[in-house]
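Have a look at the structure below, then the notes.
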Amino acid sequence: MHEKYEAEVNKILKKFHISKTCGFALPDPLTSLPEYYAPWMELAANLTELIETHTLRERVMQMPELSIGLLQSHRQLRLAHLVLSFITSGVVWQEGDKAPTKVLPRSVAVPFCAVSKCLGLPPIIVHADGVLANWRRRDADGPMTIENLDTLVRLPGGANSRYFFLCTVMVEFAAVPGIIGLVKCVEAVRAADEATLKESLLEVAEAIHGMIKALSTMHGGWTTRCSMGCITKEWETPPTCILGAVQHRALSCTALMRPWALNTIRSMDHSWPECGSTCYHGTANSFAGSPMGPPFEATLFRVPRRPRVRPVRRTTPACPP
Numbered sequence: 028m029h030e031k032y033e034a035e036v037n038k039i040l041k042k043f044h045i046s047k048t049c050g051f052a053l054p055d056p057l058t059s060l061p062e063y064y065a066p067w068m069e070l071a072a073n074l075t076e077l078i079e080t081h082t083l084r085e086r087v088m089q090m091p092e093l094s095i096g097l098l099q100s101h102r103q104l105r106l107a108h109l110v111l112s113f114i115t116s117g118v119v120w121q122e123g124d125k126a127p128t129k130v131l132p133r134s135v136a137v138p139f140c141a142v143s144k145c146l147g148l149p150p151i152i153v154h155a156d157g158v159l160a161n162w163r164r165r166d167a168d169g170p171m172t173i174e175n176l177d178t179l180v181r182l183p184g185g186a187n188s189r190y191f192f193l194c195t196v197m198v199e200f201a202a203v204p205g206i207i208g209l210v211k212c213v214e215a216v217r218a219a220d221e222a223t224l225k226e227s228l229l230e231v232a233e234a235i236h237g238m239i240k241a242l243s244t245m246h247g248g249w250t251t252r253c254s255m256g257c258i259t260k261e262w263e264t265p266p267t268c269i270l271g272a273v274q275h276r277a278l279s280c281t282a283l284m285r286p287w288a289l290n291t292i293r294s295m296d297h298s299w300p301e302c303g304s305t306c307y308h309g310t311a312n313s314f315a316g317s318p319m320g321p322p323f324e325a326t327l328f329r330v331p332r333r334p335r336v337r338p339v340r341r342t343t344p345a346c347p348p
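According to our numbering, the stretch in the sequence shown is residues 28 to 348, in order.
Here it is as structure tokens:
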């Protein structure tokens with residue numbers, strides 16, 4: 028990285044909580060919460076078995092309604108949101124699509140909505156949960172490879188489900204050089220620095236190839252399709268309907284950033300089939316929170332306000348192939 032841009036790049040990464048190793052993924056997420064939250068963690072640890080034996084709903088009904096007051100850090104809130112979102116999905120779809128739960132028990136609905144409000148996330152499983160905060164290294168000192176990763180919380184589906192989430196987080200890891208490259212592109216445009224702009228665009232291109240390679244491994248470990256549907260939380264007045272038990276994750280955080288940074292914004296209609304003809308931001312706002320998380324959304328909204336890449340390229344010769 029050019030020294031003259033390093034300070035600005037580091038400043039932006041820090042401001043938007045972007046890791047140089049994990050990108051938008053949460054670096055080494057917590058794996059436990061204070062003992063007070065043992066009822067949540069116990070359900071999460073046995074979630075697959077409870078769903079498959081059709082006993083999760085009963086267990087949740089017996090669970091006490093816990094306060095979120097002891098969750099004192101962002102990382103604790105992220106783990107709580109992950110755990111509660113998976114429990115909620117399990118409660119709703121325990122009996123499959125023939126008998127989905129229409130009303131969530133207060134024991135899960137109240138704390139889940141409270142945590143969601145603190146984080147600016149919608150109260151359903153989102154990319155920020157299932158992918159960005161749902162991973163750990165088997166060997167803490169080992170490499171960031173899919174063989175050395177595991178999920179924190181699982182849904183039924185065995186290795187297929189696990190591989191789906193881990194493959195997606197590997198795409199996020201592969202995107203890191205592209206995130207840094209996009210930031211450098213913007214700074215190079217501001218400085219009318221053609222050489223750095225071209226170099227940074229090549230870094231973005233290489234990162235995209237890395238993301239494609241990471242995504243291609245999906246074929247080797249995932250062979251089933253995930254169900255989608257709707258859940259309704261009716262303990263509020265008036266009731267609120269939340270579309271989608273799992274929000275669509277066909278695009279990574281960086282894949283959404285790239286067209287904005289390069290001034291090639293495109294319609295997202297086909298990527299959000301449940302939501303009609305709305306763009307990404309309209310959809311995210313309708314869910315009262317971004318599925319990627321506030322740091323990503325803040326970054327995405329900031330990019331269009333920066334100098335665009337395309338106007339500079341119009342005044343310079345084309346890059347060699």
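No residue lacks a Cβ here, since even glycine has one placed at the ideal position from N, Cα and C.
Note that the coordinates shown come from a computational prediction; the quantities given were computed from them, not determined experimentally.
Runs of the beta strand (DSSP E) lying entirely within the segment 181-224 and spanning at least 3 residues: none are present.
Using a 10 angstroms sphere on the CB of Ile239, the tally of other CB atoms stays under 16, which defines it as exposed.
Looking only at Arg86, Pro91, Ser94, the smallest Cα-Cα distance to Gly117 is reached by Arg86. Here DSSP, grouped into helix, strand and coil, assigns Ser227 to helix. Here the alpha carbon of Val180 sits roughly 7 Å from the alpha carbon of Asn161.
Contact between Val119 and Thr128 holds: their C-beta atoms lie close to 5 Å from each other, under 8 Å.
Taking each of Asn175, Ala234, Gln103, Lys225 in turn and checking the Cα distance to Tyr63, the smallest one comes out for Gln103. For Gln99, the number of other beta carbons within 10 angstroms of its own is below 16, and it is reported as exposed.
The Cβ atoms of Phe192 and Thr178 sit closer than 7 Å to each other. Here Phe51 is not near Leu176, since their CB atoms are 7 Å or more apart.
Using a Cβ-Cβ distance cut-off of 8 Å, the segment 210-217 and the segment 29-40 are in contact, since at least three pairs of beta carbons, one from each stretch, lie closer than that value.
Using a Cβ distance threshold of 7 Å, Glu92 and Val130 do not count as a contacting pair. Val216 and Leu224 have their C-alpha atoms some 7 Å from each other. Following the DSSP letters along the chain, one finds Glu79 inside the alpha helix (DSSP H) bounded by residues 74-79.
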